[in-house]
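In this note's numbering, the protein residues as written are -2 to 732.
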């Protein structure tokens, strides 16, 4: 294929030859006639004579084909990526926690319908935006098309029928929000007072630190230590070891390992661990129930029915993931001396994995406020708070006096604390005595834990409400139990958190006639979040994730609250919070250093290996090493649906920034147009209506400020004060 000639270059070359013809043909001016001198200059662009470069039809067709191929490849890549994302999300979306969780599925259907409604409203507002109805909303009388008539009717319906009840509900939630915020502020002031005055419970006597001599054990009361557990193979070693090395006379302490495991491997491991400590001289017993009724409450109730319990005065309870310090009993038991009406001494929880991930950091914020502020203030001022279920010492006489452990709720710890308080017993909270434990590191485990913690109090409130009213305690304690302990902190808090910030806030964006003040949406929640973080000052960088996290968890807490109150779904189901064994080994290492050389090898085997591996445990569990599942992040459908609702509301708020779509603005718009017409008529007719100069000036000023809603009405009122306007023209009298 021959090359196409370059016509542009040939044309330029011919012009240069004509211009320099004499130079090329004058031989006398050349010093050497044997050579030909040619001067080539770059051509000056001539816009008038320059031709556009033209492409052939074949080149254009190839370019179009390449562009089309690139576009097709891009569309195919985007489609495949989107489908892959949908398939991955579908695999990882978590359904209901259990098939019997009907309340969660019912709430999910409601939220899903709410999402459909919000998306439909967003589509309607988008149509109105592109039609220009956000500046001049149509009316039902002047509507021409069906879509225009539908939108005009929608504006009237939402202004007259939907916005008023929504505004009333918002006002109720705002009042509840303010009451709960005042409760938080009062608790913080009480905590500040305790810090300034350095108030803390003091014991009438103290036990000497260090090993107890055999002849001085009469001053040490008989203490029963209970460790309830269920299929917790990751943490059983460290909890049993931490309890067995506590600094208390061995003959004055009995350890009960209450195993409710239904896995044979777990039973064998725990039983072997108990046998090893028993061979070292520790008074320890292994108990296993064949019928696991009542969960933890049934386990503790069964253990307290033994005949030898009557020989003991106090009982200390530790969950399987808790590691009390060796001096735990020496710091708690002295508070019972001289206080015969004291039933419980509660220690504070401390967390060994609070910095493990973002979830544990956010949990640490909530629990730090609970222990540092709520329980400390209630313990100091009213001698009552909810038992935490672990890390506490009970007087056995108080347990028997209030009826012992009952299996009627999933919060047996709160149940027995309320009944003991109604019987006149007092509680003491020790903020400086810490017991290390582990926080759940996965959202699934944390969600199940929070569901049980928020459904149980509603079960208990429904069961003991009449008992509180008929109890012999004074009216102040009754009011504190009903209004503060149950209603405000257990019912109102999850109710308004979900209703106000997850339902009402998005609806007010789609129904702008109902409004939420900015201080309710932004300022007060921000201040409350700062107050919550004050007990954990290192968590201040996580204040924004904390706000979003609390908004997300409000769905689970609200669902649990409703389920417990009305006995829906699996509100009575107990699910053990999964732990990974990330606990401190300082006490166990100290025990090994003090042990005899003859038992060094045995005790080294009893220690938990590391925070992440549990190597010694894996050597015993041969069967568990056969299959290792890869951990994958999961998506939770209820929280995901709520996120799409909030995103849709955010998209609608962008339209609101361009122009409000309310009937009120539309009426002010019509009023402004009427005032424009009246003003122009007054000015063009030389004020024939008899309006004075001051009245006309006031009306003109009000009309010039018609961007403000109140200025229109004020200007109209000034204008109507003059009788001349109503006497001369009847057409204006009706308007």
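Idealized CB from N, CA, C, for every residue including glycine.
Since the structure is predicted, the reported quantities are computational estimates derived from the model, not experimental observations.
Inset, instruction - Select from 484, 498 and 234 the residue whose C-alpha is nearest the C-alpha of residue 168. - result: 498
Inset, instruction - Taking all protein chains shown into account, decide if residue 532 is buried (16 or more other Cβ within 10 angstroms of its Cβ) or exposed. - result: buried
Inset, instruction - With a cut-off of 8 Å on the beta carbons, I'd call residue 241 and residue 281 a contact; round off their distance for me. - result: 7 Å
Legend entry - Within 9 Å, strictly: CB atoms of residue 451 and residue 557: A contact, by the Cβ cut-off of 9 Å.
Legend entry - Beta-carbon contacts of residue 200 that lie in its chain and below 6 Å, excluding the five residues immediately before and after: The residues are 331 and 332.
Inset, instruction - Excluding the 5 residues preceding and the 5 following residue 340 in the sequence, name in chain order all residues of the same chain whose CB lies nearer than 6 Å to its CB. - result: 392, 395, 417 and 422
Legend entry - Among 534, 296 and 291, the one whose alpha carbon lies nearest that of residue 285: 296
Inset, instruction - For my contact list, residue 513 and residue 528 are in at a C-beta cut-off of 8 Å; report their separation, rounded to the angstrom. - result: In fact, because the Cβ distance is near 21 Å, the residues do not count as touching under 8 Å.
Inset, instruction - Run the CB neighbour count on residue 191, radius 10 Å, all protein chains shown included, and call it buried at 16 or more, exposed below. - result: buried
Legend entry - For residue 397, the nearest candidate out of 311, 69 and 248 (CA to CA): 311
Inset, instruction - Report yes or no: do the stretch 431 to 440 and the stretch 401 to 420 share at least 3 C-beta pairs separated by less than 8 Å? - result: no
Inset, instruction - Decide if residue 248 is buried, meaning its Cβ has at least 16 other Cβ atoms within 10 Å, or exposed. - result: exposed
Inset, instruction - Would you check if there are 3 or more beta carbon pairs closer than 8 Å linking the stretch 216 to 234 to the stretch 306 to 326? - result: yes
Inset, instruction - Please state whether DSSP places residue 197 in a helix, a strand or coil. - result: coil
Legend entry - Strand pairing of residue 390, partner residues [DSSP]: 313 and 342
Inset, instruction - Determine the direct distance from the alpha carbon of residue 107 to that of residue 551, and round the result to whole angstroms. - result: 15 Å
Inset, instruction - Count the other C-beta atoms from every protein chain shown that fall within 10 angstroms of the C-beta of residue 578, then say buried if there are 16 or more, exposed otherwise. - result: buried
Legend entry - Cβ-based neighbour list, residue 109, same chain, cut-off 7 Å, excluding 5 preceding and 5 following: The residues are 638.
Inset, instruction - Report the residue ranges of all beta strand (DSSP E) runs contained in full by the stretch 398 to 470; include only those spanning at least 3 residues, in chain order. - result: 423 to 434
Legend entry - Endpoints, the beta strand (DSSP E) within which residue 64 is located: That residue, residue 64, is in no beta strand (DSSP E); its alpha helix (DSSP H) goes 54 to 89.
Inset, instruction - Would you please state the rounded distance, in angstroms, between the beta carbons of residue 372 and residue 320? I believe it to be under 8 Å. - result: Actually they are not in contact, since the Cβ atoms of residue 372 and residue 320 sit about 20 Å apart, beyond 8 Å.
Legend entry - Alpha carbon of residue 459 to alpha carbon of residue 482, nearest angstrom: 13 Å
Legend entry - Burial state of residue 25 (16 or more Cβ within 10 Å): Here the model assigns residue 25 a pLDDT of 46, short of 50, so the residue's position is not dependable and the matter cannot be decided.
Inset, instruction - Flag residue 508 as yes when its Cβ comes closer than 8 Å to any non-hydrogen atom of the ligand GDP, and as no otherwise. - result: As presented, the structure is devoid of all ligands, the ligand GDP included, so that no description of it is given.
Inset, instruction - Quick one: which unbroken alpha helix (DSSP H) runs of 4-plus residues sit fully inside the stretch 480 to 549? Chain order, please. - result: You should have 490 to 495, 502 to 507 and 521 to 530.
Inset, instruction - Let me know the secondary structure DSSP gives residue 569 once reduced to three states. - result: coil
Inset, instruction - Pull up the distance between the alpha-carbon of residue 185 and that of residue 155, whole angstroms please. - result: 42 Å
Inset, instruction - Select from 537, 495, 300 and 455 the residue whose C-alpha is nearest the C-alpha of residue 359. - result: Residue 537 is the option with its Cα nearest to residue 359.
Inset, instruction - Compare the beta carbon distance of residue 388 and residue 447 with 9 Å and say whether it is the shorter of the two. - result: no
Legend entry - Contacts around residue -2, its chain only, beta-carbon distance under 6 Å, and the 5 residues preceding and following it disregarded: In this prediction, residue -2 scores a pLDDT of 49, lower than 50, which makes its location untrustworthy; the coordinate-derived value is nonetheless stated afterwards. Within the same chain, residue -2 has no close Cβ partners at all.
Legend entry - Pairwise C-alpha distance: residue 345 and residue 368: Annotation: residue 368 to residue 345 spans about 6 Å, alpha carbon to alpha carbon.
Inset, instruction - Can you grab the Cα-Cα spacing for the pair residue 202 / residue 379, in whole Å? - result: 23 Å
Inset, instruction - List the whole-angstrom C-beta distance separating residue 204 from residue 362, where the pair is believed to meet the contact cut-off of C-beta under 8 Å. - result: About 35 Å separates the two Cβ atoms, so there is no contact after all.
Inset, instruction - Taking 9 Å as the cut-off, decide whether the C-beta atoms of residue 69 and residue 632 are in contact. - result: Contact: no.
Legend entry - Range of the contiguous alpha helix (DSSP H) that encloses residue 252: Taken as a continuous stretch (DSSP letters only), residue 252 belongs to no alpha helix (DSSP H), being part of the beta strand (DSSP E) at 250 to 256.
Inset, instruction - Sort 511, 453, 390 and 534 by Cα distance to residue 563 and report the nearest one. - result: When only C-alpha atoms are compared, the closest one is 453.
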